[in-house]
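Enquirer:
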Amino acid sequence: MLVPLLSGGGMRVKIIEGLAMGKTIISTSIGAEGIKYTENVNMLIGNTPEEFIARIRQCIADPSKAHAIGKAARELAVSKYENSVLGKEVISFFNHTILKEN
Numbered sequence: 000m001l002v003p004l005l006s007g008g009g010m011r012v013k014i015i016e017g018l019a020m021g022k023t024i025i026s027t028s029i030g031a032e033g034i035k036y037t038e039n040v041n042m043l044i045g046n047t048p049e050e051f052i053a054r055i056r057q058c059i060a061d062p063s064k065a066h067a068i069g070k071a072a073r074e075l076a077v078s079k080y081e082n083s084v085l086g087k088e089v090i091s092f093f094n095h096t097i098l099k100e101n
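With numbering that gives the first Met the number 0, letter number 44 in the sequence shown gets 43, and the count goes up by one each step, no holes.
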């Protein structure tokens, strides 16, 4: 999945969807903002046209590595962005905030 964003802000829901589907994501740092990724483990980053092309070539040259990155991307999505995980984080935040105020 290619995400060559050069401007913008906030979390990219489409990237989260790609992670959940086990896609190998190639993005710019701006495109990956707000996502708890590890470069070359569960996402590839290219911030210049040359870097972006190099990441694409890397995937073509080593499909097994690209597949491993996609698999790790899926694991990231499940561990950090699954509804049950996010729900627990929201509840924890509210509990902490309420206890802090009292």
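Yeah, the Cβ is synthetic: ideal placement off N, Cα and C, and Gly gets one too.
In the DSSP assignment, find the unbroken alpha helix (DSSP H) run with Gly33 in it and report its ends.
Expert: From DSSP, Gly33 is part of no alpha helix (DSSP H); its letter is neither H nor E.
Enquirer: Out of Ser6, Asp61, Ile59, Ile14, which has the shortest C-alpha to C-alpha gap to Ala76?
Expert: It is Ile14.
Enquirer: Could you tell me whether the segment 27-38 touches the segment 56-66, where touching means 3 or more Cβ pairs closer than 8 Å?
Expert: Touching, no.
Enquirer: Starting from Leu18, trace the alpha helix (DSSP H) in both directions and tell me its first and last residue.
Expert: Start and end: 12-19.
Enquirer: Under 8 Å by Cβ, that's how I've got Ala72 and Ile24 pegged, so tell me the actual separation to the nearest angstrom.
Expert: Yes, Ala72 and Ile24 are in contact; Cβ-Cβ is about 6 Å, under 8 Å.
Enquirer: Would the beta-carbon of Thr27 fall within 8 Å of that of Ile52?
Expert: The answer is no: Cβ separation not under 8 Å.
Enquirer: Provide the residue span of the alpha helix (DSSP H) that contains Ala72, from first to last.
Expert: Looking at the DSSP string, the run of the alpha helix (DSSP H) that includes Ala72 is 62-75.
Enquirer: Of the residues Leu98, Glu81, Asn94, which one's Cα is nearest the Cα of Glu16?
Expert: For the residues Leu98, Glu81, Asn94, the minimum Cα distance to Glu16 belongs to Glu81.
Enquirer: Measure the alpha-carbon distance for Ile35 versus Ser63 and round it to whole angstroms.
Expert: The question names Ile, yet the displayed sequence has Lys at residue 35. For Lys35 and Ser63, the distance between alpha carbons rounds to 23 Å.
Enquirer: Buried or exposed for Ala2, going by 16 or more other Cβ atoms inside 10 Å?
Expert: Rather than Ala, the amino acid found at residue 2 in this sequence is Val. Buried.
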